[in-house]
Structure formats: C-alpha cells, structure tokens
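*Asks:* Can you read through this structure? Questions will come right after.
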Amino acid sequence: MIKPDCVRNKHVDEIRKIILAQGFSFVKEKDTKLDVASAKSFYQEHNGKEFFPSLIEFMTSGPVHPMVLEGEGAIKKWRALMGPTDSNKARITAPDSIRAAFGTDNQMNCVHGSDAPESAAREISFFFGDDKQASKQEPEAPSKV
Ligand code: RTP
Ligand code: MG
C-alpha cells in the first residue's frame, strides 16, 4: 500500500514504475481512503502501542493506494524494496529503497507491506474482498465445446 504521505506528494506513478522495473506484476490496485475504524482494524496488531493514535491519524489523513503485487518471493522482495520502517535509517542502510527515497521518518514512511502470507491474505481481503465476492457472483465461463 502506498500511504497518505506518498499519495499526497504525488509519488504513486513513480513508485509503480519502480515496482514494475523490479519484475512484479499488478494483480489489483485502487484508490481509496481509510476511515478511523478501518485504519484501526488494518493495524490492529499495533493497538495499545504508544504510536498507535498518531499512526491512525496519519493513515486517515488522505487517500491511500493499495495494490496486490505478484512475483517470486513477493512478500520478502517487496519488504526489501520498501526498506526499514524508519526512513532516516533506510537512507543509511538501504539507500536504494523506496522509504529511503520518499519517506520522511519512522511514521511517514510512504509504503506498507504485508509481513507474512497470512497477513497478506487478510490484507488483500480487507481491501479487495468485495471485488472477490463480486467476481464470484459472475456467471461461469461457458465450457469448451
Ligand atoms: P508497515 O506495517 O506499515 O508495512 O511497516 P513496518 O512493518 O515496517 O512497521 P511496523 O512495525 O509494522 O509499524 C507499522 C507502521 O506504524 C508506524 N510506526 N510509527 N512512531 C513510531 O515509533 C512508529 N513505529 C511504527 C509506521 O508508519 C510503520 O510503518
Ligand atoms: Mg508491519
């Protein structure tokens, strides 16, 4: 997901180009906005932490651009391409990463990535679950004659 800071700064197209250049393909993507309840649900693992209220404020501060990426070892590969959580650290330890290039600090860090297959499944259904249901309702393709 491209977070509100990066959408606001109009980096979506540039980040999409970087993603494609790394060999990922886009399965789904959309423009949307998180309300407070959705943001709390999305980041439920961090509920109770000191930074949770400001994280929710940040994540609801403007539109986001969630994407489903496909590729060999996509979860690990995307997290490496994002770089470490803290953008300032990223500029030192992972200067070629997206957070190094476009992030501000350890909160406004431009992009999110699922950290495991289970969270990827949950997060894909969080953003695109309705689409899946819609496609389920489509009539089946005619069988070959
Ligand atoms: P993400 O979940 O967004 O992909 O990032 P991550 O795994 O690298 O970092 P995580 O520990 O899961 O934290 C989620 C997001 O919360 C914000 N954060 N703020 N102020 C702070 O100390 C702090 N720590 C984390 C960041 O936006 C981080 O990406
Ligand atoms: Mg995380």
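The opening residue of the sequence shown carries number 27 in our numbering; numbering runs sequentially from there.
Where a beta carbon is used, it is the ideal one built from N, C-alpha and C, also for glycine.
Computed from a predicted structure; not experimentally measured.
Do you know offhand how far Ile82's Cα is from Trp104's?
*Replies:* Approximately 23 Å, taken between the alpha carbons.
*Asks:* Got a sec? Which residues, its chain only, sit under 6 Å from Ser151 by beta carbon, not counting five neighbours each side?
*Replies:* Nothing meets the Cβ criterion.
*Asks:* Please tell me whether, using a cut-off of 7 Å, the distance from the CB of Phe77 to the nearest non-hydrogen atom of ligand 1 is below it.
*Replies:* Yes, since a heavy atom of ligand 1 falls inside the 7 Å radius drawn around the Cβ of Phe77.
*Asks:* Closer than 7 Å to a non-hydrogen atom of ligand 1 - does that hold for the CB of His91?
*Replies:* No - ligand 1 has no heavy atom lying nearer than 7 Å to the Cβ of His91.
*Asks:* Where are the alpha helix (DSSP H) runs, 4 residues long or more, that stay fully inside the stretch 102-155, in chain order?
*Replies:* Counting whole runs of 4 or more residues, the stretch 102-155 contains the alpha helix (DSSP H) stretches 113-119, 124-128.
*Asks:* Which value, in whole angstroms, describes the spacing of the CA atoms of Val53 and Ala146?
*Replies:* Going from the Cα of Val53 to the Cα of Ala146 covers about 13 Å.
*Asks:* Under 8 Å between the Cβ atoms of Met108 and Val90?
*Replies:* No, the Cβ-Cβ distance between Met108 and Val90 is not below 8 Å.
*Asks:* What is the DSSP secondary structure of Phe52, counted as helix, strand or coil?
*Replies:* In this structure, Phe52 counts as strand in the three-state DSSP scheme.
*Asks:* Going by C-alpha to C-alpha distance, which of Asp131, Ile101, Ser87 sits closest to Lys115?
*Replies:* With distances taken between Cα atoms, Lys115 lies closest to Asp131.
*Asks:* So is the beta-carbon of Asn132 under 7 Å away from any non-hydrogen atom of ligand 1?
*Replies:* Checking every heavy atom of ligand 1 against the Cβ of Asn132, one is found closer than 7 Å.
*Asks:* List the endpoints of the continuous beta strand (DSSP E) containing Glu96.
*Replies:* Run containing Glu96: 93-96, per the beta strand (DSSP E) assignment.
*Asks:* Given Ile45, which residues of its chain have a CB within under 7 Å of its CB, disregarding the five upstream and five downstream residues?
*Replies:* Only Leu95 meet the Cβ criterion.
*Asks:* Just tell me which of Leu60, Gly99, Ser87, Ala63 has its CA closest to the CA of Gln48.
*Replies:* Nearest of Leu60, Gly99, Ser87, Ala63 to Gln48, Cα basis: Gly99.
*Asks:* When the Cα atoms are used, what is the spatial distance from Asp61 to Phe77?
*Replies:* Each residue's alpha carbon lies about 18 Å from the other.
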